[in-house]
């Protein structure tokens, strides 16, 4: 799966979560970070939003 395909899938997941019972915890206005692909044996994708950052303007500044 290339970067564009992965980004498309991430958007689908965010849209699905935005229509679920946890929608109030998902800020759909934020652009997901670009995927990072490891080159070693362990490859990990973590996608999340920090719910402790209550000010939306501060959330935009978080990139990792």
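In my numbering, the protein residues as written are 32 to 95. Positions of the beta carbon are idealized from the N, C-alpha and C atoms, including for glycine.
Output yes or no for whether 8 Å exceeds the beta carbon distance between residue i and residue j.
i: residue 92; j: residue 66; result: no
i: residue 69; j: residue 57; result: no
What is the DSSP secondary structure of residue i, reduced to helix, strand or coil?
i: residue 89; result: helix
i: residue 72; result: coil
i: residue 36; result: helix
i: residue 46; result: helix
i: residue 60; result: coil
Roughly how many angstroms lie between the CA atoms of residue i and residue j, to the nearest whole one?
i: residue 38; j: residue 84; result: 23 Å
i: residue 87; j: residue 54; result: 15 Å
i: residue 45; j: residue 59; result: 7 Å
i: residue 32; j: residue 89; result: 31 Å
i: residue 63; j: residue 51; result: 18 Å
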